[in-house]
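Step one of this worksheet: look at the structure below.
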Amino acid sequence: MATLQQQQQGRDRIRLALLLTPGLLWLVLFFALPLVIIFVYSFMTNDALGRVVYQPTLDNYITVFTQSLYINAYWRSIWTSVLTTVICLLIGYPLAVFIARSPQQWRMPLLMLILIPFWTNFLVRIYAWQIILANNGIINGFLELIGVGRLPLLNNEGATLIGLIYGELPFMVLPLYAAIDRFDFTLMEAAADLGANKIQAFLRIMLPMTMPGIVAGSVLVFIPTLGQFVVSELLGGAKVDYLGNLIQRLFLRANPINWPLGSAMAVLMMIVLLVLIMLYFRATTEEER
Amino acid sequence: MSDSIAIELRDVVKRFGDVVAVDHVNLQIRDGEFFSLLGPSGCGKTSSLRMIAGFELPTSGSIIIHGREMGITPPHQRPVNTVFQSYALFPHMTVAQNVAFGLEMRKTPKNEIARRVQEALDLVRLSGLEERRPRQLSGGQQQRVALARALVNHPEVLLLDEPLGALDQKLRKEMQLELKSLQVRVGITFVFVTHDQEEALTMSDRIAVMNKGKILQVGTPTEIYERPNCRFVADFIGETNFIDGVVIGRDGNYTVLETPEGLRFRGLAARPLSDGTSVTYSIRPEKVRLLTPDGALPPDGLAGTVMSVNYIGSDTRITVRINDRRIIDVWEQNTRSTLDRNEYWQPGEAAVIVCPPDNALVLSE
Ligand SMILES: Nc1ncnc2c1ncn2[C@@H]1O[C@H](COP(=O)(O)OP(=O)(O)OP(=O)(O)O)[C@@H](O)[C@H]1O
Ligand SMILES: [Mg+2]
């Protein structure tokens with residue numbers, strides 16, 4: 235005979251299962267299954283018409299690791315993502331401190347200013363940057379006016395970086411703000427009182443205590459940047475290949491299209507991400523001790 | 004205790020916009036003394052302390068620590084340490100790391116840090132908790148860590164901003180005694196901020212009573228309690244009976260005043276007062292005697308009626324009505340243990356109060 239408590243537990247378990255089923259189904263159908271398919275494809279081959287041929291091989295991985303086109307794309311994307319993340323952090327941290335330290339009634343409006351761009355489609359905003367940076371754009375118009383002359387601002391890697399930083403900055407600022415807003419600035423006074431100068435107090439107290447915000451912001455910025463292809467196409471002028479551009483091309487536009495090779499690149503990208511993020515977590519939580 | 008000056012405030016003013024938080028304060032705190040800043044909320048205690056620590060700069064005036072004019076010296080270069088009201092312990096560090104922080108900032112050698120941290124933790128009786136995080140400690144333990152973290156640096160002056168405010172009553176009483184004995188042992192000057200008059204009386208060598216940014220009186224606990232120099236201090240420290248009147252003359256050492264309805268009282272005044280001066284007569288409830296009427300009134304006696312009687316264990320607190328407008332509080336110590344109802348005053352009973360002039364003050368503003 236089950237005790238009342240056991241009966242209760244049984245009923246709770248059924249309820250829990252019912253509640254979780256839709257979510258689990260969703261995850262399996264739209265997350266796990268595609269991942270498995272990509273993983274399987276990455277070991278297949280391709281025919282002349284771009285169809286997947288079920289013939290196991292490691293060729294795709296060998297291609298990625300041996301052809302400079304692909305390796306360079308990885309390095310370029312990783313480097314650009316690191317740069318974007320670091321610059322977003324350097325801009326975002328003081329910005330988040332500024333917002334968190336401004337008078338109560340100003341904080342929400344300031345945060346709204348950071349969020350307002352999201353009300354417009356991302357593509358529209360990137361096109362706006364084209365208008366700003368173009369040869370006959372706003373900045374060049376001004377530079378011409380003051381006699382500096384036109385500069386090639388659009389269609390290069392610098393433009394890509396600007397676009398990426400612009401697009402990702404809010405994802406850095408918001409988690410940083412959340413962490414800094416929770417930080418008790420009396421601790422900085424306590425540190426100063428104990429003989430720490432501003433830099434020491436920041437490094438020993440504020441930085442480790444806001445590390446969760448830094449980690450969250452960095453991850454939020456790094457992941458989408460690594461796989462992006464829109465910004466490098468629209469602002470970078472598609473002159474050099476980033477990871478996202480290559481994968482997109484292999485899946486949609488190559489002649490013939492090559493899903494297995496694209497899948498191999500995608501799988502490797504995921505592995506790179508996982509490894510980098512794990513290293514990052516390790517490094518940052520060690521600092522926190 | 005030497006007579007040299009640890010801290011001096013010279014005509015210090017602090018304004019925040021329109022608010023004058025500290026208003027022309029002059030103060031000398033002696034080396035090695037336990038000095039309290041006492042006053043109601045918002046009177047400028049924290050602001051004064053923060054200016055000594057260097058977190059705020061005076062709007063005008065100067066702060067001198069051990070003969071050195073502080074000017075704009077930043078907090079990390081001042082020879083003082085602070086115990087914050089909220090403790091402000093570093094939550095991501097262990098107790099030992101918290102305590103070691105100040106020494107690390109001053110580049111103390113590693114083995115000396117270890118020794119002094121241990122010493123400081125022993126001093127506040129926290130040994131064994133080195134590896135705990137602040138959130139794993141009780142309020143009283145956190146309080147001790149904050150103390151150890153400051154004391155480990157051997158500061159010349161320790162500033163404490165209501166350090167016991169967050170503790171419950173019992174722990175608070177314990178920590179008061181402990182803090183006091185600690186101060187005596189380490190011999191460091193303590194500047195202690197509190198709005199609790201009992202706390203200030205218990206712990207301090209000297210007290211400065213503040214109100215609205217001004218210092219009203221500086222003195223030993225006895226001086227502050229027995230000889231308050233104005234109505235505010237008499238009212239803020241302990242309980243007292245106030246009676247307003249005008250001076251009508253002198254009687255030996257005593258100043259005599261008369262109330263509008265013609266009652267006369269005698270008491271001590273700090274300085275001679277001319278006739279007609281408006282004054283406040285003040286006598287503490289425990290200093291009034293209550294007698295059973297037996298014919299003639301004794302000197303300084305007034306006839307009245309007992310209105311209420313509150314037995315609170317150690318004392319009985321009685322209110323006596325003198326006339327339609329005046330009620331005097333009298334506290335009688337229960338020196339005899341008895342259940343006999345007749346030993347205690349009863350409401351409605353006739354009584355005579357006696358206000359000994361040596362126990363009463365005549366205050367003028
Ligand atoms: N940073 C500030 N900005 C504006 N006004 C302030 C600031 N700090 C203090 N004040 C004002 O100065 C006055 C004195 O404040 P202070 O904190 O020194 O009082 P306190 O005696 O410590 O009071 P409490 O017992 O409540 O802590 C108050 O009126 C307060 O509102
Ligand atoms: Mg205060």
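Chains A and B are the protein sequences, given in the same order.
So the first sequence is numbered by our numbering: it starts at 235 and just counts up by one.
So the second sequence is numbered by our numbering: it starts at 4 and just counts up by one.
Ideal Cβ placement from N, Cα and C applies to all residues, glycine included.
In this text the structure is predicted, and so the values were computed from the model without any measurement.
Cβ-Cβ separation between Pro-77 of chain B and Ala-426 of chain A: approximately 7 Å, consistent with a contact (criterion under 8 Å). Contact between the segment 358-368 of chain B and the segment 311-322 of chain B is absent, with fewer than three C-beta pairs closer than 8 Å.
Put simply, the CB of Ile-448 of chain A is far from chain B, with every gap to its CB atoms at 7 Å or more.
The beta carbon of Pro-301 of chain B sits closer than 8 Å to the beta carbons of Leu-294, Val-355 and Val-357 from its chain, once the five residues preceding and following it are set aside; these are given in chain order. Following the DSSP letters along the chain, one finds Tyr-314 of chain B inside the beta strand (DSSP E) bounded by residues 304-314. For Met-108 of chain B, a Cβ of chain A is located within less than 7 Å of the residue's own Cβ.
Look at the beta carbons and you see the segment 162-176 of chain B touching the segment 79-98 of chain B: at least three pairs across the two are nearer than 8 Å.
With 6 Å as the limit, the residues whose C-beta approaches any heavy atom of ligand 1 more closely are B:Phe-19, B:Val-22, B:Ala-24, B:Gly-42, B:Ser-44, B:Gly-45, B:Cys-46, B:Gly-47, B:Lys-48, B:Thr-49, B:Ser-50 and B:His-198, in sequence along the chain. In the structure shown, Val-221 of chain B falls within a strand segment according to DSSP collapsed to helix, strand and coil. Among the residues facing chain B, Pro-442 of chain A is included, as its CB has a counterpart in that chain under 7 Å away. Contact between the segment 417-433 of chain A and the segment 369-389 of chain A is not established, with fewer than three Cβ pairs separated by less than 8 Å. By the rule that beta-carbons nearer than 7 Å mark a contact, Asn-489 of chain A does not touch chain B.
Only residues of its own chain outside the window of five on either side were considered, and among them Arg-234, Ala-237, Asp-238, Thr-283, Tyr-284 and Ser-285 have a CB closer than 8 Å to the CB of Phe-245 of chain B, listed in chain order. Taking the beta carbon of Phe-58 of chain B as reference, the chain A residues within 9 Å of it are Glu-423, Ala-426 and Asp-427, listed in sequence order. The segment 368-399 of chain A contains, as complete alpha helix (DSSP H) runs of 4+ residues, the segments 372-379 (chain order). With contacts defined by Cβ atoms closer than 7 Å, Val-250 of chain B and Asp-208 of chain B do not form a contacting pair.
Contact fails between the segment 293-310 of chain A and the segment 445-454 of chain A, because fewer than three Cβ pairs, one in each stretch, are under 8 Å apart.
At least one C-beta of chain B is nearer than 7 Å to the C-beta of Ala-430 of chain A. According to DSSP, residue pairing for Tyr-257 of chain B in a beta bridge involves B:Asp-254. A residue is called buried when at least 16 other Cβ atoms come within 10 angstroms of its Cβ; Thr-338 of chain B does not meet this threshold and is exposed. Apart from the 5 residues on each side of it in sequence, Ser-315 of chain A sits with its Cβ closer than 6 Å to the Cβ of Phe-456, Thr-459 and Leu-460 in its chain, given in chain order. DSSP, read as helix, strand or coil, puts Arg-209 of chain B in strand. Neighbours of Gln-434 of chain A across chain B, judged by C-beta separation under 8 Å: Met-108. Listed by position along chain B, the residues whose Cβ is nearer than 8 Å to that of Ile-350 of chain A form an empty set, because the closest Cβ is around 32 Å away.
A check of alpha carbon separations from Ser-7 of chain B across B:Phe-58, B:Ala-149 and B:Gln-31 identifies B:Gln-31 as the nearest. Only residues of its own chain outside the window of five on either side were considered, and among them Tyr-275, Ser-276, Met-278, Thr-279, Asn-280, Val-286 and Asn-294 have a CB closer than 7 Å to the CB of Pro-494 of chain A, listed in chain order. Just measuring C-alpha positions, the residue of B:Pro-288, B:Pro-112, B:Thr-97 and B:Asp-297 sitting nearest Arg-135 of chain B is B:Thr-97. If you draw a straight line from the Cα of Arg-328 of chain B to the Cα of Leu-266 of chain B, it comes to about 12 Å.
By the Cβ rule, the segment 113-121 of chain B does not count as touching the segment 44-55 of chain B, because fewer than three pairs are nearer than 8 Å. Here Asp-14 of chain B has His-27, Val-28, Asn-29, Ser-63, Gly-64 and Ser-65 as same chain residues with Cβ atoms under 8 Å from its own Cβ, once five neighbours each way along the sequence are excluded.
Using a CB distance below 9 Å, the part of the segment 52-86 of chain B facing chain A consists of Arg-53, Ala-56, Gly-57, Phe-58, Pro-77, Pro-78, His-79, Gln-80, Arg-81, Val-83, Asn-84 and Thr-85, ordered along the chain.
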